[in-house]
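There are 2 protein chains.
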Amino acid sequence: MASFRSIKPEIRVLGIDDGRFVPRTKGFADVVGVVYRGGYWFEGIMHTTVTIDGLDSTEKIAAMIRDSPYCGELRVVLLDGVTFAGFNVVDLRALSRLVALPVISVARDEPDLVEIKKALHNLPDFETRWQAMTNSGKLFAVQTRSAENPVYVQTAGISRDFAEKLLKQTSVHSNIPEALRVAHLVASGLFR
Amino acid sequence: MASFRSIKPEIRVLGIDDGRFVPRTKGFADVVGVVYRGGYWFEGIMHTTVTIDGLDSTEKIAAMIRDSPYCGELRVVLLDGVTFAGFNVVDLRALSRLVALPVISVARDEPDLVEIKKALHNLPDFETRWQAMTNSGKLFAVQTRSAENPVYVQTAGISRDFAEKLLKQTSVHSNIPEALRVAHLVASGLFR
Numbered sequence: 002m003a004s005f006r007s008i009k010p011e012i013r014v015l016g017i018d019d020g021r022f023v024p025r026t027k028g029f030a031d032v033v034g035v036v037y038r039g040g041y042w043f044e045g046i047m048h049t050t051v052t053i054d055g056l057d058s059t060e061k062i063a064a065m066i067r068d069s070p071y072c073g074e075l076r077v078v079l080l081d082g083v084t085f086a087g088f089n090v091v092d093l094r095a096l097s098r099l100v101a102l103p104v105i106s107v108a109r110d111e112p113d114l115v116e117i118k119k120a121l122h123n124l125p126d127f128e129t130r131w132q133a134m135t136n137s138g139k140l141f142a143v144q145t146r147s148a149e150n151p152v153y154v155q156t157a158g159i160s161r162d163f164a165e166k167l168l169k170q171t172s173v174h175s176n177i178p179e180a181l182r183v184a185h186l187v188a189s190g191l192f193r
Numbered sequence: 002m003a004s005f006r007s008i009k010p011e012i013r014v015l016g017i018d019d020g021r022f023v024p025r026t027k028g029f030a031d032v033v034g035v036v037y038r039g040g041y042w043f044e045g046i047m048h049t050t051v052t053i054d055g056l057d058s059t060e061k062i063a064a065m066i067r068d069s070p071y072c073g074e075l076r077v078v079l080l081d082g083v084t085f086a087g088f089n090v091v092d093l094r095a096l097s098r099l100v101a102l103p104v105i106s107v108a109r110d111e112p113d114l115v116e117i118k119k120a121l122h123n124l125p126d127f128e129t130r131w132q133a134m135t136n137s138g139k140l141f142a143v144q145t146r147s148a149e150n151p152v153y154v155q156t157a158g159i160s161r162d163f164a165e166k167l168l169k170q171t172s173v174h175s176n177i178p179e180a181l182r183v184a185h186l187v188a189s190g191l192f193r
């Protein structure tokens, strides 16, 4: 479990989001990772693809991180939710172990777990997907900025206290960390 | 000629750079445009392709800008030099007219115009390319940050004084404007 006595302002964080894709088709969605120093400096970028509604997001994202030149500098991984490319569920606990880093998923809207479970039942390998969901830990709300909506968070390899501190410190321009905000802009702007 | 009495800290600037490509091959290079608010906030991204050693960079970049949702907000366009995808020369004056915005090219190293002219002679349409070079105006050095190397600048549609002011104000993390620094990281990181 990573613990940060105090969080350096230039802590290297990776924000990961997927590009647009046509739901329920065969194929791949693009996934972009953006490295920021804390909440301020864009430092680098990485890219992979994951199968639409597939089972490979944990492995593919782990490989993207490990193969990137930034891997050694990173201190935490932030994901835009735990489902990528439709219902390709990232197992936060497995991802954290594979890259030896804390992982935090951040959703702008409260995930409706009942609806998600229902949707997963319509796909093959329900048990695998649901296991990944439950491995991704308890959902909790974090008020990253006082005047804005909270975000909904799951974590692996980091205490709730430090996750909250880190999210607050890096959400300097909106209610989500800059690395995630920019990963979203790049992924949705370049990959449609 | 655009004149800015004072430059707003959140002025929207577009930085444009190309990705990697194999020199002297047939094909296209990717070109990425990154929108920043001043020197601090990543605001958006756009993309096009230009022909390796072709003649279409001015037109393609103009179309990318005009077709982007950010066009109306932009106040200035920054280019990483005037040659894209090899020797596909951007005509700064024509680009400025096409998008109705000031254009500034910024090179980290002093361009060797004698060498460039020699190289252009080895390509078809020398006159067109050289005309674009000369339309891109007089080269001058700007010391964007006191302790770092100067950058080498050409402009269209903006006075030298205001170009210098704008470059200094937006070069907050290195000797080049953030929008250009990040466009380079994205283009070279995603497109090889």
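In order, the protein sequence lines correspond to chains P and B. First residue of the first sequence: 2, per my numbering; consecutive thereafter. First residue of the second sequence: 2, per my numbering; consecutive thereafter. Beta carbons: idealized from backbone N, C-alpha and C, even for Gly.
Residue-chain proximity (residue i, chain B), Cβ-Cβ < 8 Å
i, result
"M47/P", "yes"
"W131/P", "no"
"F43/P", "yes"
"G73/P", "no"
"V183/P", "yes"
Chain P within 8 Å of residue i, Cβ atoms only
i, result
"L186/B", "yes"
"G196/B", "There is no way to answer for residue 196/B, as the model of chain B reaches only from 2 to 193."
"H122/B", "no"
Strand pairing of residue i, partner residues [DSSP]
i, result
"T84/B", "V90/B"
"Y153/B", "A108/B and A142/B"
"R193/B", "DSSP, once it has assigned bridges, lists no residue as partnering R193/B."
"Y37/P", "V14/P and F43/P"
"T52/B", "F29/B"
"D19/P", "V32/P"
Helix, strand or coil at residue i according to DSSP, with G and I counted as helix
i, result
"L79/P", "strand"
"E44/P", "strand"
"A30/B", "strand"
"D57/B", "coil"
"S97/P", "helix"
"L114/B", "helix"
"K9/P", "coil"
"N123/B", "coil"
"V173/P", "coil"
"A148/P", "coil"
"L167/B", "helix"
"L186/B", "helix"
"L181/P", "helix"
Residue i versus the options, residue with shortest Cα-Cα distance
i, options, result
"T52/P", "A63/P, E74/P, Y37/P and T26/P", "T26/P"
"V107/B", "F22/B, L191/B, E165/B and Y41/B", "E165/B"
"F85/P", "L99/P, D19/P and R193/P", "D19/P"
"G40/B", "R193/B, L191/B and Q170/B", "Q170/B"
"K119/P", "D110/P, W131/P and R109/P", "W131/P"
"V152/B", "M134/B, A133/B and S172/B", "S172/B"
"D110/B", "P10/B, M65/B, L99/B and G82/B", "G82/B"
"R161/P", "Q144/P, G73/P, A148/P and E149/P", "Q144/P"
"T50/P", "R21/P, T135/P and V154/P", "R21/P"
"D68/B", "G87/B, L191/B, I46/B and T135/B", "I46/B"
"P10/P", "L168/P, V183/P and R193/P", "L168/P"
"S147/B", "H174/B, I159/B, P70/B and L121/B", "H174/B"
"Y71/B", "G87/B, S97/B, Y37/B and R98/B", "Y37/B"
"A157/B", "G73/B, V183/B and T135/B", "T135/B"
"L121/B", "Q155/B, D54/B and I66/B", "D54/B"
"A64/P", "N123/P, L99/P and L191/P", "L99/P"
"S97/P", "Q155/P, G87/P, N123/P and F43/P", "Q155/P"
"N123/B", "E149/B, G87/B and E44/B", "G87/B"
"I62/P", "V35/P, E74/P, E44/P and F43/P", "V35/P"
The ligand GTP heavy atom lying under 7 Å from the CB of residue i
i, result
"M134/B", "Among the components of this structure there are no ligands whatsoever, and the ligand GTP is therefore not found."
> For the segment 101-114 of chain P against the segment 74-93 of chain P, are there 3 or more C-beta pairs whose distance is under 8 Å?
Replying inline: yes
>> For the structure I just gave you, are there three or more beta carbon pairs, one from the segment 4-20 of chain B and one from the segment 31-51 of chain P, closer than 8 Å?
In response: no
> Would the segment 79-95 of chain P and the segment 46-62 of chain P be scored as touching if the rule is three or more Cβ pairs under 8 Å?
Replying inline: yes
>> For the structure I just gave you, are there three or more beta carbon pairs, one from the segment 172-189 of chain B and one from the segment 124-142 of chain B, closer than 8 Å?
In response: no
> Do the segment 110-120 of chain P and the segment 128-146 of chain P make contact, defined as three or more Cβ pairs closer than 8 Å?
Replying inline: yes
> Counting pairs of beta carbons, one from the segment 173-184 of chain B and one from the segment 9-26 of chain B, are three or more of them closer than 8 Å?
Replying inline: yes
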